[in-house]
Each structure stands twice: as structure tokens, then as C-alpha cells.
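In the numbering used here, the protein residues as written are -18 to 203. Even glycine gets a Cβ: it sits at the ideal position worked out from N, Cα and C. If you're wondering where the values come from, they're calculated on a predicted model, not measured in any experiment.
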Amino acid sequence: MSKIYLIRHGQASLGKENYDELSSKGEQQAKILNRYFRELSISPDLVITGDMKRHQQTAQFALESINGQANTVIDTDWNEFDFETLIRAYLSQLGPDASKPRTPSEFFSALRAALLAWSKNQIQTQLPETWNAFESRVEQALYSLNTQDHKNIFVFSSGGAISMAIKHIMRLNAETMIDLNLQSRNTGVTELFIKGDKRYVSSFNHVSHLSSPEHLDLITHA
-18 MSKIYLIRHG QASLGKENYD ELSSKGEQQA KILNRYFREL SISPDLVITG DMKRHQQTAQ
42 FALESINGQA NTVIDTDWNE FDFETLIRAY LSQLGPDASK PRTPSEFFSA LRAALLAWSK
102 NQIQTQLPET WNAFESRVEQ ALYSLNTQDH KNIFVFSSGG AISMAIKHIM RLNAETMIDL
162 NLQSRNTGVT ELFIKGDKRY VSSFNHVSHL SSPEHLDLIT HA
């Protein structure tokens, strides 16, 4: 039986010029995840990452000295949707009085509203991809994983893509998937197991590696 570990990237650089870069806290989260894998003797025999920098940086820190002979494959189908363009498009159609989010709380509120509009095809501006296209590529990524030849597959991706994979497996509606996405924690681990051609969710978004009191301030969502 194969297991798939869907691992969200460490904290990125929200509010900075380039979001797609781990913050120092994000690096720390990934290094602690590395320690967790070592303690449990968990190692991959196949590693998949999106081609975003935050995915690859997280993999680098989380897998240091534990990935052995595992091949690493870049699969852009595990990339995140373009949330920055989506939020801009959503706010622009609200009119000139719509204010740009200034706090994390305002950002996540705007993102949730934008995602709901996107899922209902209510964004008037042309986006890099439709909701259905995003859903289709994540489904394709999920079912293209070679579980015949590999026991432990690690996938480093983003909250939206991981939540979309869960949506497909558990047959969730769009609003529930969006709520899952907004609860995604940095370096959160979602575990799937494979039986035949079926995928099953055994855990979602756990951060056991950050559960000790000295690490609680490292539990983040961006």
C-alpha cells in the first residue's frame, strides 16, 4: 500500500514584493519538519514539487539528508493558482471604492470572497486559468502519481492545490474546499493512502512537528 504526503510550503513572504520566497520562519518550519521525519524514520522514494520557489525551498530544507536515492520530479500541475491576480480582478470589479487589504485578516476575507466568485464564474476579468481548469489539472496531478513503483511519495505544493485534491477525493463542494484552503497551515501535512485505484484521506493539514510549546508561535497560515 502506498502513502502520499501532501506538504504545504513553509511561510512565504506575504506583503513583500515577492511572495514566492520562504521567510525565515518558513525555513525554520521546514527544518523542524525535517527533524520530525527523521524521528519517525519517514523518508520518500519519490519527491514531487511544483515549480514555485517556495515549494522547492521547502523540499530542500524538509528533506535534507533523508531523501536518499529518491528521484525529484517537478510537476507544474501542483502549482498554486494565481491568487494575487485573482484578488486584484475581484477588487477591481467592486469599483474604485474597494480598498486593498492591509491586514492578514482583510487579505483572507478578500481571498475567500474572490475564490467564491471565481468558483461561480463571476470574475469578469480574464484570469490565467478558470476554476474548472485549476480543478482539472490538480486531478490530473493526483492521478498521475506513480503509486505502483513507490511506497512513500512526498508532494510539496500549496494550500489551494492540496485542498482541491481533497475536494476531488472526498467529493466536496467548492465552498467547503475554499474553507479548507483558508485553514491550511504552513508545512501542514496531509496524508493519503492508496488502495487499488482509490485514494483515501487519512489526515489533513496536521502540524504535529510544531505541536510542542516552544514551536506554537510557528503555526502560521500564509
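Let me know the secondary structure DSSP gives residue i once reduced to three states.
i, result
"His36", "helix"
"Asn186", "strand"
"Leu163", "helix"
"Ile29", "strand"
"Arg69", "helix"
"Ile104", "coil"
"Asn127", "coil"
Candidates the options: which alpha carbon is nearest residue i's?
i, options, result
"Thr39", "Gly169, Gly(-9) and Pro77", "Gly(-9)"
"Ser189", "Thr111, Phe89, Asp58 and Asn15", "Asn15"
"Ile147", "Ala43, Asn186, Phe42 and Ser73", "Asn186"
"Thr30", "Glu8, Ser24, Lys6 and Thr53", "Thr53"
"Asp32", "Asn60, Gln107, Leu44 and Ser(-6)", "Asn60"
"Gln121", "Asp56, Asn48 and Phe89", "Asp56"
"Gln105", "Glu65, Arg69 and Arg35", "Arg69"
"Ser138", "Asn167, Tyr124 and Pro194", "Asn167"
"Lys179", "Ile150, Ser22, Leu(-5) and Asn(-1)", "Ile150"
With DSSP as the reference, identify every bridge partner of residue i, one or two as the case may be.
i, result
"Ser138", "Arg(-11)"
"Ser(-17)", "Ile175"
"Val170", "Ile(-12) and His187"
To the nearest angstrom, how far is it from the Cα of residue i to the Cα of residue j?
i, j, result
"Leu92", "Gly76", "17 angstroms"
"Asn154", "Ala98", "14 angstroms"
"Ile143", "Arg83", "26 angstroms"
"Ser192", "Asp26", "26 angstroms"
"Leu(-13)", "His202", "16 angstroms"
"Ser4", "Arg35", "9 angstroms"
"Leu72", "Lys81", "8 angstroms"
Hey, residue i and residue j are a contact pair by Cβ (cut 8 angstroms); roughly how many whole angstroms apart?
i, j, result
"Ala43", "Ala11", "5 angstroms"
"Ala58", "Val119", "Contrary to the premise, residue 58 reads as Asp rather than Ala in this sequence. Confirmed, Cβ separation roughly 7 angstroms."
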